[in-house]
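Trainee: Numbered by full-length UniProt numbering, the letters in the sequence shown go through residues 1 to 338 in order.
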Amino acid sequence: MSFFKKLKEKFAGNAEAEESTEKYKEGLAKTRTGFTSKINDLVAKYRKVDEDFFEELEEILLQADVGFETVLELMDDLRFEVQRKNVKDTSNVQSVISEKLVEIYQAGEAEINEINFVEGLTVILMVGVNGVGKTTTIGKLAHRFKNEGKTVMLAAGDTFRAGAIEQLDVWGQRVGVDVIKQSEGSDPAAVMYDAVRSAKSRGVDVLICDTAGRLQNKVNLMNELQKVHRVISREVPGAPHEVLLALDATTGQNAMIQAQTFKEVTDVTGIVLTKLDGTAKGGIVLAIRNKLKIPVKYVGLGEKLDDLQPFDAQKYVYGLFAEGLDKEQQLEDAQTDK
């Protein structure tokens with residue numbers, strides 16, 4: 001059974017999942033325009049799957065920022081799988097590539113994208129440099145969690161960047177959740193203390209905490225985040241339950257460097273990859289997962305409130321190859337009907 005058919009069967013009858021799959025298809029259009037056209041040209045150029053075909057395919061994947069290590073692993077797997085399945089015709093290779101990419105991403109783990117919600121108060125710490133869409137992501141997460149029936153509160157812990165508190169306050173008003181804040185320049189740990197105490201007293205389900213994203217001085221950043229951690233965990237044992245790192249997908253390999261830096265200064269539990277719809281190098285998702293072993297938990301696929309979607313490896317890979325996989329499925333259906 002083809003990759004596309006498996007995906008269709010998995011989400012058949014689930015309107016929300018089917019809508020989400022379409023969001024991935026639309027959101028990854030920019031990556032797919034360059035990526036798929038190159039794959040299609042490659043398939044048209046070669047009638048059979050040989051070493052020359054693999055070498056050109058490798059170059060295309062590298063250009064999409066899939067990552068050097070990931071591409072090498074993928075090419076080894078593909079060579080083995082093509083031989084095992086006796087795939088001769090290049091037109092049948094996209095489905096094989098898709099399946100292998102999903103396997104590489106998941107690496108034997110299930111549901112790695114889910115948020116670690118706990119009984120009582122769940123505390124989520126949002127980290128990331130300025131300009132990656134961190135505050136917008138917090139607002140969209142608050143909207144999502146609220147729609148899921150949870151009570152949500154925000155903490156304005158980025159007290160140093162001009163306008164950061166006001167920006168978060170605007171998002172709080174927009175999605176209808178309270179924001180705990182102090183004046184600009186206040187101690188972020190003091191804001192977190194007030195926010196946690198307030199969230200506990202009001203019986204809030206989820207507290208999302210904004211933090212400063214100054215990477216100029218790694219030691220200061222580490223000390224600040226450690227202090228925030230201590231304050232939160234003292235008030236809520238086991239918290240923060242998630243440390244989500246916001247990364248801008250349009251920055252490509254620079255996002256990888258940021259991820260490595262934040263991994264050194266704090267215990268990042270998941271990635272939120274913003275602006276995936278704005279890049280032609282959407283393969284960065286695979287590079288992050290394979291190299292840093294940090295799961296991507298959410299991806300930004302557009303400007304609307306509900307365009308921040310939980311990450312799903314199968315939907316993501318379908319978004320990368322949509323037209324080619326659709327065409328493969330049509331060919332397979334036509335052969336079946338004969």
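Don't be surprised by glycine CBs; every beta carbon is placed ideally from N, CA and C.
#1: Straight-line CA distance for T136 to T274?
#2: Since A246 is in the beta strand (DSSP E), which residue starts that stretch and which ends it?
#3: Hey, would you say A287 sits closer than 8 Å to D65, going by beta carbons?
#4: With 16 as the cutoff for other CB atoms within 10 Å, does E19 come out buried or exposed?
#5: Would you say K38 and I60 are within 8 Å of each other, going by their C-beta atoms?
#6: Taking Cβ positions, are L221 and A155 nearer each other than 8 Å?
#7: At the level of alpha carbons, what is the spacing between D277 and N113?
#8: So, is E197 buried or exposed, given that buried needs 16 or more other C-beta atoms within 10 angstroms?
#9: Let's see if you can read the secondary structure: which residues bound the beta strand (DSSP E) around K155?
#10: Could you tell me if D248 is buried or exposed, where buried requires 16 or more neighbouring beta carbons within 10 angstroms of its beta carbon?
#11: What ranges does the beta strand (DSSP E) occupy inside the stretch 183-257, keeping only unbroken runs of at least 3 residues that lie completely in it?
#12: So what's L5 in DSSP terms, helix, strand or just coil?
#13: Report buried or exposed for Q94, applying the criterion of at least 16 other Cβ atoms within 10 angstroms of its Cβ.
#14: Nearest-angstrom Cα distance between V118 and A239?
#15: Can the beta-carbon of V272 be found less than 8 Å from the beta-carbon of L244?
#16: To the nearest whole angstrom, what separates the beta carbons of V102 and Q314, a pair I think is in contact under 8 Å?
#17: How do the stretch 142-154 and the stretch 167-180 stand: do at least 3 beta-carbon pairs fall below 8 Å, yes or no?
#18: Residues in its own chain within less than 8 Å of I232 by CB, not counting five upstream and five downstream?
#19: Between E56 and the rest of its own chain, which residues show a CB-CB distance below 7 Å, the 5 nearest in sequence each way excluded?
#20: Report back the beta-carbon spacing between E81 and V96 to the nearest angstrom; my notes put them in contact at under 8 Å.
#21: Between K146, G139, P310, which lies nearest to E166 when the distance is taken from Cα to Cα?
#22: For the beta strand (DSSP E) holding I294, just list the boundary residues, first then last.
Mentor: Considering the structure as presented:
#1: Rounded to the nearest whole angstrom, the C-alpha separation of T136 and T274 is 9 Å.
#2: A246 -> beta strand (DSSP E) spans 242-248.
#3: yes
#4: exposed
#5: Yes, the pair counts as a contact, with Cβ atoms nearer than the cut-off.
#6: No, these two residues do not count as a Cβ contact at 8 Å.
#7: 19 Å
#8: Sequence inspection shows Arg at residue 197; the Glu mentioned does not correspond to that position. Exposed, because fewer than 16 other Cβ atoms sit within 10 Å of the Cβ of R197.
#9: In the sequence as presented, Lys is not what sits at residue 155; that position holds Ala. That run of the beta strand (DSSP E) goes 152-155.
#10: buried
#11: As far as the stretch 183-257 is concerned, its whole beta strand (DSSP E) runs of at least 3 residues are 206-210, 242-248.
#12: Residue 5 is actually Lys in this sequence, not Leu. Three-state result, K5: helix.
#13: buried
#14: 10 Å
#15: yes
#16: 6 Å
#17: yes
#18: Only residues of its own chain outside the window of five on either side were considered, and among them V123, L125, M192, V196, C209, A239, P240 have a CB closer than 8 Å to the CB of I232, listed in chain order.
#19: L42, listed in sequence order.
#20: 5 Å
#21: G139
#22: Counting along the chain, I294 falls outside any beta strand (DSSP E), and DSSP gives it neither H nor E.
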